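Asker: Here you go, one structure.
In the working numbering, the protein residues as written are 8 to 222.
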């Protein structure tokens with residue numbers, strides 16, 4: 008009996024109270040709400056494609072921070088100083104991702120969320136560092152790989168944010184909101200005042216969050 012290696016396949020499920028993905032992200036909106044938010048957008052871009060790109064942006068903080076550390080140590084920067092820069096950048100990017108979201112850079116976000124790229128880049132860099140005798144940078148790199156790739160820091164910050172701002176839109180909702188907005192601008196589909204569009208989506212988000220809690 009032959010066995011084939013299991014391969015992760017991204018998928019999403021749309022429920023009455025929102026959209027959940029195989030990456031563990033929950034977006035408090037629906038196809039109907041998105042259609043009302045930016046009429047005509049889903050005729051140009053499939054909902055699955057939009058949500059998948061949003062997932063890439065949500066997870067990009069881990070990959071970018073890890074690659075930043077590797078680049079710095081390969082350039083000769085002290086390992087602990089490089090780790091400090093990587094952690095600070097992680098915090099900055101985690102809380103400000105939505106400000107940089109744009110369909111034009113979807114491919115970049117996808118790259119930093121792609122396991123194959125991160126595994127190869129990390130393995131090649133750490134092997135090179137160990138061969139050069141830079142063991143501190145190698146061990147620190149392994150620690151950061153575990154921290155970022157497993158997503159422990161991201162999970163901690165997500166938990167803290169959920170406790171501190173229960174009534175506000177979640178990080179993934181803010182990222183999806185900005186991605187939708189910029190898709191609309193790119194396609195010339197947005198109408199009216201941008202701020203009113205954002206307020207409309209956040210009202211929808213809070214409505215679905217309230218429905219979910221009351222169940």
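Even glycine gets a Cβ: it sits at the ideal position worked out from N, Cα and C. Only a predicted model underlies this, so the values are computations on that prediction, with no experimental measurement involved.
Counting only runs that start and end within the stretch 96-144, where is the alpha helix (DSSP H) found for 4 or more residues in a row?
Answerer: For the stretch 96-144, whole alpha helix (DSSP H) runs of length 4 or above, ordered along the chain, are 113-119 and 122-138.
Asker: Compare the C-alpha of residue 187 against each of 139, 166, 99 and 37 and name the closest.
Answerer: Measuring from the Cα of residue 187, the nearest candidate turns out to be 37.
Asker: Is it buried or exposed for residue 10, if we count other Cβ within 10 angstroms and need 16 for buried?
Answerer: Its pLDDT being 43, under 50, residue 10 is placed unreliably by the model, and nothing is read from it.
Asker: Is residue 42 closer than 8 Å to residue 49 when the C-beta atoms are compared?
Answerer: Contact flag set, yes.
Asker: Which partner residues does residue 44 have in the DSSP bridge list?
Answerer: Residue 44 is not bridged to any residue.
Asker: May I have the straight-line CA-CA distance separating residue 108 from residue 182, to the nearest angstrom?
Answerer: Answer to the nearest angstrom: the Cα atoms are 7 Å apart.
Asker: Between which two residues does the beta strand (DSSP E) harbouring residue 25 extend?
Answerer: Here the beta strand (DSSP E) through residue 25 covers 25-28.
Asker: Evaluate residue 113 with the Cβ neighbour count: other Cβ atoms within 10 Å of its Cβ, from every protein chain shown; 16 or more gives buried, anything less gives exposed.
Answerer: When all chains shown are included, residue 113 counts as buried.
Asker: According to DSSP, is residue 20 helix, strand or coil?
Answerer: In the structure shown, residue 20 sits in a strand (DSSP, three-state: E or B).
Asker: Hey, residue 125 and residue 156: beta-carbon distance below 8 Å or not?
Answerer: Yes. Within cutoff.
Asker: Can you give me the C-alpha to C-alpha distance between residue 163 and residue 149, rounded to a whole angstrom?
Answerer: Distance between the alpha carbons of residue 163 and residue 149: 20 Å.
Asker: Given a cut-off of 8 Å, decide if residue 151 and residue 266 are closer than it, judged by their beta-carbon atoms.
Answerer: Residue 266 is absent from the model: the chain starts at 8 and stops at 222.
Asker: Name the two residues that bound the continuous alpha helix (DSSP H) containing residue 223.
Answerer: This structure gives no information on residue 223, because the portion of the chain shown stretches from 8 to 222.
Asker: What are the start and end residues of the alpha helix (DSSP H) that includes residue 69?
Answerer: Unbroken alpha helix (DSSP H) run through residue 69: 54-81.
Asker: Are the CB atoms of residue 34 and residue 68 nearer to each other than 8 Å?
Answerer: Not a contact, by the Cβ cut-off of 8 Å.
Asker: When you compare the CB positions of residue 30 and residue 66, do they come within less than 8 Å of one another, or not?
Answerer: Yes, the Cβ-Cβ distance between residue 30 and residue 66 is below 8 Å.
Asker: Ignore the nearest five residues each way along the sequence and tell me which others in residue 144's own chain have a CB closer than 7 Å to its CB.
Answerer: Contacts found: 80, 86 and 136.
Asker: Would you mind stating whether residue 104 and residue 58 have Cβ atoms separated by less than 8 Å?
Answerer: Contact: no.
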